[in-house]
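Colleague: Below you will find the structure I want to go over with you.
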Amino acid sequence: MKVPVVRNVLEANEQLARENQARFREKGLLVLNLMSSPGAGKTTLLERTVDALKDQIRIGVIEGDIQSTYDAEKIARHGVPAVQINTDGGCHLDSRMIQAALPEFDLNNLDLLVVENVGNLVCPAEFDVGEDYKVMILSVTEGDDKPLKYPLMFSKSSVLLINKVDLLPYINTSVETIRRVALDINPHLEIFEVSCQNQTGLEPWFAWILARVPHYKSV
Amino acid sequence: MHEMSIAQSIIDIVQQEMARHQVSRVSVIRLVVGEFTAVVPDSLTFCFELITKDSPLEGVKVELEQVPLTGRCRACGEEFTIREYRFVCPACQSGEVETVGGKELFIKEIEAE
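Each protein sequence line maps, in turn, to chains A and B.
Residue 61 in our numbering is what sits at position 19 of the first sequence, and the numbering runs on without skipping anything.
Residue 1261 in our numbering is what sits at position 106 of the second sequence, and the numbering runs on without skipping anything.
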């Protein structure tokens, strides 16, 4: 006997993502889901971003890692609330984990919440957490073939930060190729070329965030 | 390896459907999986076997129907297969392409005994 089902496999996560999203809207929060492979520079980008913007907007950070509280401690040293989620082997954050972490924050006193996902260029792309935008980092040392090899994340992201551009003179990576292929996959992608190490190219990224913070616009 | 979470989600849904239709045994689960999802079919069936071991769903066959990535141009209406993830219309070169197939990830039906 055939029983028709026709149900989205990820429906449970997507339902929770909608709940998270409704809560964020109610609180007037901008929520970003930051994704990249391990070592591309997510935490360093966050440190730079927090330092540049913390006097203008109130920032909170959720750090997702398989193990350790290293990253949350690092961010907290910059003077903003940071909560660590350990997935204990899990390769991505999901909406349930985010929901569980929210009581750790005073959401009425936040303008921007950044979720730093587990370092992985594949799995996090499939799991919404209720964010407004997915933001990804690709560091130039990973190579210019990555958009073609991991198209889903490029397709789902609104912003691509190409990081570590200070290393370009030493490697065979073409930023032009990254841009061309990434834009073939997602013509609406906003691309910023940055070096978190040398702190260059970051201003347009900061401006991108500020333009989208509901509270900041209303001040 | 998020195929493990996906396998668990499939089991949750199938168990709900079994209860709803008062079915005690399932022999086949039919899934529709788009080409543009981060799901590796072999990895999914492997995870499924692993977590259904010693459970009522042990031995259930998982059949995957794969859907190619296709797009429709918003500018000229052309429908085409998207190759090498170029979301650009081959007819008019517009980048305003809507994905019409390839993002599916759903349980289509179960075969119950």
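The C-beta atom is built at its ideal place from N, Cα and C for all residues, glycine as well.
Give me the Cα-Cα distance between A/V92 and A/H120, rounded to the nearest whole angstrom.
Modeller: 7 Å
Colleague: Measuring only the C-alpha atoms, how far is A/D219 from A/D186?
Modeller: Checking the sequence shown, residue 219 of chain A turns out to be Thr, not Asp. Answer to the nearest angstrom: the Cα atoms are 6 Å apart.
Colleague: Excluding sequence positions up to five away, which residues of its chain have a Cβ less than 8 Å from the Cβ of A/Q109?
Modeller: N128, D130
Colleague: So, helix, strand or coil for A/M43, using DSSP?
Modeller: coil
Colleague: Since B/E1264 is in the beta strand (DSSP E), which residue starts that stretch and which ends it?
Modeller: 1260-1267
Colleague: Pull up the CB-CB distance for B/V1169 and B/V1181, whole angstroms please, since I reckon it's below 8 Å.
Modeller: 6 Å
Colleague: So the alpha helix (DSSP H) A/D113 belongs to, where does it begin and stop?
Modeller: Start and end: 112-118.
Colleague: For the ligand SAM, I want to know if A/P193 counts as a neighbour, meaning its beta carbon is within less than 7 Å of at least one of the ligand's heavy atoms.
Modeller: The ligand SAM is absent from the structure shown, which contains no ligands of any kind.
Colleague: Which residues, in order along the stretch 1176-1199 of chain B, keep a beta-carbon less than 7 Å from a beta-carbon of chain A?
Modeller: H1176, V1178, F1191, T1192, A1193
Colleague: Hey, B/T1254 and A/E168 are a contact pair by Cβ (cut 8 Å); roughly how many whole angstroms apart?
Modeller: Not really, about 15 Å apart at Cβ, beyond 8 Å.
Colleague: Assign B/D1167 to buried or exposed, taking buried as 16 or more other Cβ atoms, counted over all protein chains shown, within 10 Å of its Cβ.
Modeller: exposed
Colleague: By the three-class DSSP mapping on this structure, what secondary structure does A/Y212 have?
Modeller: helix
Colleague: Would you verify that the beta carbon of A/P46 is, or is not, closer than 8 Å to some beta carbon of chain B?
Modeller: yes
Colleague: Check distances from the C-beta atoms of the stretch 163-191 of chain A to those of chain B and list, in chain order, the residues that come in under 9 Å.
Modeller: V164, C165, P166, A167, E168, F169, P189, L190
Colleague: Which residues in chain B sit within 9 Å of A/D226, going by Cβ to Cβ distance?
Modeller: Here the neighbours are E1239, Y1240, R1241, F1242, V1243, G1250.
Colleague: B/L1219 bridges to which residues according to DSSP?
Modeller: B/L1186
Colleague: Check whether the Cβ atoms of B/V1178 and B/K1263 lie closer than 8 Å to each other.
Modeller: no
Colleague: What is the DSSP secondary structure of A/A124, counted as helix, strand or coil?
Modeller: strand
Colleague: Is A/N159 near A/N75, with beta carbons less than 8 Å apart?
Modeller: The answer is yes: Cβ separation under 8 Å.
Colleague: Can you find a C-beta in chain A that's less than 8 Å from the C-beta of B/I1262?
Modeller: yes
Colleague: Three or more beta-carbon pairs under 8 Å between the stretch 88-106 of chain A and the stretch 203-215 of chain A, yes or no?
Modeller: no
Colleague: Let me see if you follow: with CB-CB separation under 8 Å, is B/A1230 close to chain A or not?
Modeller: For B/A1230, the answer is no, since every Cβ of chain A falls outside 8 Å of its Cβ.
Colleague: Extract the residue ranges of the beta strand (DSSP E) inside the stretch 72-111 of chain A, only unbroken runs of 3 or more that lie entirely within it.
Modeller: 72-77, 101-107
Colleague: Can B/T1291 and B/G1257 be called in contact, C-beta distance under 8 Å?
Modeller: Only positions 1156 to 1268 of chain B appear in this structure, which leaves residue 1291 of chain B out of reach.
Colleague: In three-state terms, what does DSSP make of A/Y175?
Modeller: In the structure shown, A/Y175 sits in a strand (DSSP, three-state: E or B).
Colleague: Do you know whose CA, among B/V1243, B/E1158, B/V1183, B/V1215, lies nearest B/R1227's CA?
Modeller: B/V1243
Colleague: Closer than 7 Å by C-beta to A/V164: which residues in its own chain qualify, once you throw out the five before and the five after it? Chain order, please.
Modeller: Y192
Colleague: Is it the case that the Cβ atoms of A/V51 and B/I1265 are separated by a distance below 8 Å?
Modeller: no
Colleague: Against chain A, does B/I1161 count as a neighbour if the rule is that its beta carbon must be under 8 Å from one of theirs?
Modeller: yes
Colleague: Would you say B/G1250 and A/P229 are within 8 Å of each other, going by their C-beta atoms?
Modeller: yes
Colleague: Starting from the C-beta of A/S216, find all residues in its chain whose C-beta is less than 6 Å away, skip the five residues before and the five after it, and write them out in chain order.
Modeller: D186
Colleague: DSSP three-state call for A/L154: helix, strand or coil?
Modeller: strand
Colleague: What does B/C1228 pair with, by DSSP beta-bridge criteria?
Modeller: By DSSP's assignment, B/C1228 forms a beta bridge with B/V1252.
Colleague: Counting C-beta neighbours from all protein chains within 10 Å, is the total for A/P166 16 or more, i.e. buried, or is it exposed?
Modeller: buried
Colleague: For A/R49, which three-state DSSP category applies?
Modeller: strand
Colleague: Where does B/V1194 fall in DSSP's three states?
Modeller: Correct three-state label for B/V1194: coil.
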